[in-house]
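Read the structure below first, then the notes.
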Amino acid sequence: MLKILRIAFSIIVLILSGYGLITENFELSSYMIFFLGALMLVTGLAELQKDRKRFWGYMSIIVSLYAFFVSIHGFLLN
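Under the numbering used here, the first residue of the sequence shown carries the number 216, and numbering increases by one thereafter.
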């Protein structure tokens with residue numbers, strides 16, 4: 216289940232970032248950062264489930280929380 220979510224979030228982030236780079240329209244960057252945070256959260260949870268690299272699992276979750284904060288900040292300012 217986590218692998219499917221990781222692939223789906225990766226595709227969404229790639230599409231949104233590619234759209235922003237090609238059209239030079241960065242209005243969707245808050246959505247891209249939100250989905251990037253979701254991707255990092257799923258990656259951190261997958262690492263913690265495997266009981267490997269516990270530090271990187273926690274670090275991914277912390278980075279995802281920061282990305283959520285930045286995306287919410289972007290939603291409120293736009």
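Built from N, CA and C at the ideal position, the CB exists for glycine as well.
In terms of CA proximity to L220, T258 leads the group Y273, G289, T258. Sequence-distant Cβ neighbours of M255 in its own chain, meaning closer than 8 Å and more than five residues away, are S275, I276, V278, S279, A282. With fewer than 16 neighbouring CB atoms inside 10 Å of its own CB, I230 falls in the exposed class. For S286, the closest C-alpha among the options N240, I237, S245 is that of S245. By the C-beta density criterion, M247 is buried, having at least 16 other C-beta atoms within 10 angstroms.
Leaving aside the five residues that flank V228 on each side, the residues in its chain whose CB is nearer than 8 Å to its CB run, in chain order, M247, F250, L251, L254.
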